[in-house]
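K.L.:
Position one of the sequence shown corresponds to residue 3 (our numbering), numbered consecutively onward. Even for Gly, the Cβ is constructed at its ideal location relative to N, Cα and C.
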Amino acid sequence: MTNDLDFILEHYKNPQNFGHLDKPDIVHEEGNPSCGDQIRIELKVENDRIADIRFSGKGCAISQAAASIFTEEIKGKTLEEVKNFDKQKMLDLLGIEISGMRMKCAMLALKIVKVGAYGLAAWRDEDE
């Protein structure tokens with residue numbers, strides 16, 4: 003568990019893909035009012051594949067680390083692969099147990115990409 007927690011803290015302190023893209027194809031931003039997290043994700047798509055991705059924002063360690071880890075994971079993947087990415091895959095990526103209070107923090111980046119790329123129908127929030 004310590005190594006997994008260190009992994010989360012490393013991504014929080016040194017996030018990957020943090021910043022902005024020049025002329026992104028898809029931009030979507032959302033927040034988590036219960037925690038104050040705010041994340042904006044920008045995607046560059048070429049041939050239905052995520053050519054580049056960046057995120058910006060602020061929030062708790064879980065939301066920011068999850069955004070960093072998730073953007074690393076989906077860079078280079080097809081939009082179809084991302085569409086099939088689900089809550090369990092995200093939890094597996096994070097590698098730590100996420101409490102009910104932190105679930106929205108952990109899923110925020112996934113939600114933003116799915117809603118931004120496919121619209122609201124692509125996101126089914128099991129907690130609401």
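1) So, helix, strand or coil for H22, using DSSP?
2) Counting along the chain, where does the alpha helix (DSSP H) carrying I114 start and finish?
3) CB-CB under 7 Å to T80, same chain, minus the five flanking residues each way: which ones, in chain order?
4) Within 10 Å of its beta-carbon, does K116 have 16 or more other beta-carbons around it, so buried, or fewer, so exposed?
5) Going straight from the alpha carbon of A67 to that of Q90, what length do you get?
P.N.:
Checking against the coordinates, here is how it stands:
1) coil
2) M105 to Y120
3) D50 and R51
4) buried
5) 17 Å
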